[in-house]
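Peer 1:
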Amino acid sequence: MTDANAPRPRRAAAPSGREAFRRQIRAGFRRSLGLTTLGTVIPGAGLTQTRSKRLGWAILTLFLLTGVVVGYIVLRDGITNAALSLVARPSLLQGVAVGFVVIGILWCGSIILTAIQTRPTRLDRTRTRTLAALTTVLVFLVAGSTFKVAEYTLITTDTVNQVFGTTATSDRSPGQGVQVATEGDDPWANQARVNILLLGSDAGADRTGIRTDSMIVASIDTRSGRTALISMPRNLLYAPLAPDSPLRARYPSGHFGQPESACAQNSPGVTGQCMLTNLYVEAEGYAKDHPGAYPAGAVPGRQEIRGAVQQILGLEINQMVIVDLYGFQQLIDAMGGLDINVKLSANGTKLTIGGQHDASGRIFGVKGYFQPGEQHLDGYRALWYARTRAADDDTHRQMRQRCVVQAIVQQVNPASMVSRYPEIAKILKQRIYTDIQAQDLPAFVELVERVQKSKITSVALTSTQGVYSGNPDYDLIRKLVKKAIAAPKPAATPSTTPTTPKPGSTKTKTPSPTTTPYEQC
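Under full-length UniProt numbering, the letters of the sequence shown match residues 1 to 521, in that order.
1. Between the region 475 to 485 and the region 243 to 254, can you find at least three pairs of beta-carbon atoms closer than 8 Å?
2. Could you check what DSSP says for Ala242 in three-state terms: helix, strand or coil?
3. Nearest to Thr48 by CA position, among Ile42, Thr40, Val41 and Trp57, is which residue?
4. Three Cβ pairs or more, each shorter than 8 Å: is that satisfied between the region 130 to 138 and the region 29 to 43?
5. For Ser32 and Arg18, I'd like the C-alpha separation in whole angstroms.
6. For the beta strand (DSSP E) containing Thr457, name the first residue and the last one.
7. Given that a residue counts as buried once 16 or more other Cβ atoms are within 10 Å of its Cβ, and exposed if not, what is Ala308?
8. List in chain order: all unbroken beta strand (DSSP E) runs of 3+ residues lying wholly within the region 130 to 160.
9. What is the C-beta distance between Val321 and Thr434, in whole angstroms, given that I count them as a contact (C-beta under 8 Å)?
10. Please classify Leu92 as buried or exposed, where buried requires at least 16 neighbouring CB atoms within 10 angstroms.
11. Count the CB pairs spanning the region 299 to 313 and the region 233 to 251 that are closer than 8 Å, and state whether there are at least three.
12. Would Trp107 pass as a contact of Val142 if the rule is Cβ separation under 8 Å?
13. Run through the region 274 to 328 for me and flag every whole alpha helix (DSSP H) of 4 or more residues, listed as ranges in chain order.
14. Counting beta carbon pairs with one atom in the region 229 to 239 and one in the region 465 to 474, are three or more of them shorter than 8 Å?
15. Can you find the residues in the same chain that come closer than 6 Å, C-beta to C-beta, to Ser85, ignoring five residues on each side of it along the sequence?
16. Rank Asp339, Ala391, Thr388 and Leu315 by C-alpha distance to the C-alpha of Asp475 and give the top, closest one.
17. Relative to the C-alpha of Ser224, which candidate in Glu282, Gln330, Lys455 and Val459 has its C-alpha closest?
18. Less than 7 Å between C-beta atoms, sequence neighbours within five positions excluded: which residues of the same chain meet that for Thr153?
19. If we ignore side chains and look at the alpha-carbon of each, how far apart do His65 and Ile59 end up?
20. Below 8 Å on the Cβ atoms is my guess for Val481 versus Leu313; work out the distance and round it to an integer in Å.
21. With H, G and I counted as helix, E and B as strand and the rest as coil, what does DSSP make of Gln117?
22. Helix, strand or coil for Phe364? Go by DSSP, reduced to three states.
23. I need the straight-line Cα distance from Arg26 to Leu55, nearest angstrom please.
24. Please state whether the Cβ-Cβ distance between Leu338 and Val404 is less than 8 Å.
25. Counting pairs of beta carbons, one from the region 113 to 132 and one from the region 187 to 198, are three or more of them closer than 8 Å?
26. In its own chain, which residues sit with a C-beta less than 7 Å from the C-beta of Val160, not counting the 5 before and 5 after it?
27. Buried or exposed, going by whether 16 or more other CB atoms sit within 10 Å of the CB of Phe364?
28. Is it right to say Ala45 is buried, meaning 16 or more other beta carbons lie within 10 angstroms of its own, or is it exposed?
29. Who are Leu197's beta bridge partners in DSSP?
30. Compare the Cα-Cα distances from Tyr421 to each of Thr156, Ala133, Gly109 and Ser110 and report the closest residue.
31. So Thr434 is in the beta strand (DSSP E); what residue range does that whole segment cover?
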């Protein structure tokens, strides 16, 4: 039985009206924080839970549709080709920049509206300030990101318009240039081979005119990607001029520097100025003295160097890329420098920074020396490592240049380059020239992918092959190049029958060009 006098258990006291109100305020505050944050991560999502839910659903739907379209294009074309297809269309790129600005405004507006409409009516001062601070931070994050993307998009538009042309250059003859296919899966279906001339110029405040300090032709088989890098000796004499070269009026022999006296006209008292490296500045000087000698819009130096290289190698130069040395230095600094295994010269001595030889062969003007071994080089020292030749010769300098190019490819950090994108874009606009067209960029990216998967060899034109810069045999050079770029023959089945040379057969064979793997330094 139950004791009637026993005390009954007390019921939990119902919360007072003030406590219930406080709980409601806290719950509303947490909801406001959550929906505002959600609207930052997914545009419009937070707004769908407010009285402006129609606007929220409209923004969210627009965001999702945009994501679906972008995702489809990326899956269809790949992220690289999709991005380059956009970059190749500057007018479309400008529309994208405007689109990002509009998206940023809508996005920020939805965040602010979400915070306002979800804020409890009688929120205390501390929580009000907290919500306002969070909303401000989120708006700044979204605004900063979208407007930075828009800024980079406009910078890209300007850079593409200046670096990559939209019309054919007048520095080459009609019919030259790549023939990128406009239909089909293979953009290179109509172009069996592409030859790209890479020039490093020594243009600078302390220089008169432009000298092509380094010259490399990348000859690419577009189907296999097999590539030969042909290093051109800078001191080649008597380079053959193009058949339609205006300089033939000065050099009727058809060779730059014959007679040599004409080469020194722009440099009184200086001899030996008839090297290939001086052809660019020679053409500029001739055009200045003979207005109208070159077509309107043409750059005489580029036209002459392109024509001469074609005659020397027996290859049609389809595209040209020129970077001046100061621009190269700036690009290396922008990427944070290079790690290089610095080696001694071919003579076993330290490589010099600067320096040249006097008439007796002694080196003067040395600004410093490279210590051998692994080290980190800034732009200035990386440039000099690629340029130095006072301690050995041009052949070994060409090898060092290829090592520097290889280090750039291996060590470039995309994240670091993006963080300095405006600076890099400025360098590209001011220091680099190319006649590759913007609309062909996606095709060239595909070509580079084929090159990376195939064999890259380096072709050196040296005395070992019978090429002497002071008295070059250009017929021999063309034979060497033709042999170097020829498709490899299938392995022949060994014959057990000895072959007997025919009587009177004295045919001289063309020596095999010296080729080395590009990766070896």
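Even glycine gets a Cβ: it sits at the ideal position worked out from N, Cα and C. Just so we're clear, the structure is a prediction, and the values are computed from it rather than from any experiment.
Peer 2: Walking through what the data contain:
1. no
2. coil
3. Nearest C-alpha to Thr48: Trp57.
4. yes
5. 21 Å
6. Ile456 to Ala460
7. buried
8. Taking only runs of at least 3 residues, no beta strand (DSSP E) segment lies wholly in the region 130 to 160.
9. 4 Å
10. Within a 10 Å sphere around the beta-carbon of Leu92 sit fewer than 16 other beta-carbons, which makes this residue exposed.
11. yes
12. yes
13. 279 to 289 and 300 to 313
14. yes
15. Pro442, listed in sequence order.
16. It is Leu315 whose Cα lies nearest to the Cα of Asp475.
17. Lys455
18. Leu93, Val96, Ala97 and Phe100
19. The sequence shown places Leu at residue 65, not His. The straight-line gap from Cα to Cα measures roughly 10 Å.
20. 5 Å
21. helix
22. strand
23. 27 Å
24. yes
25. no
26. Val87, Pro90 and Ala438
27. Exposed, by the Cβ-count rule.
28. Burial call: buried.
29. Val217 and Met320
30. Thr156
31. Ile432 to Thr434
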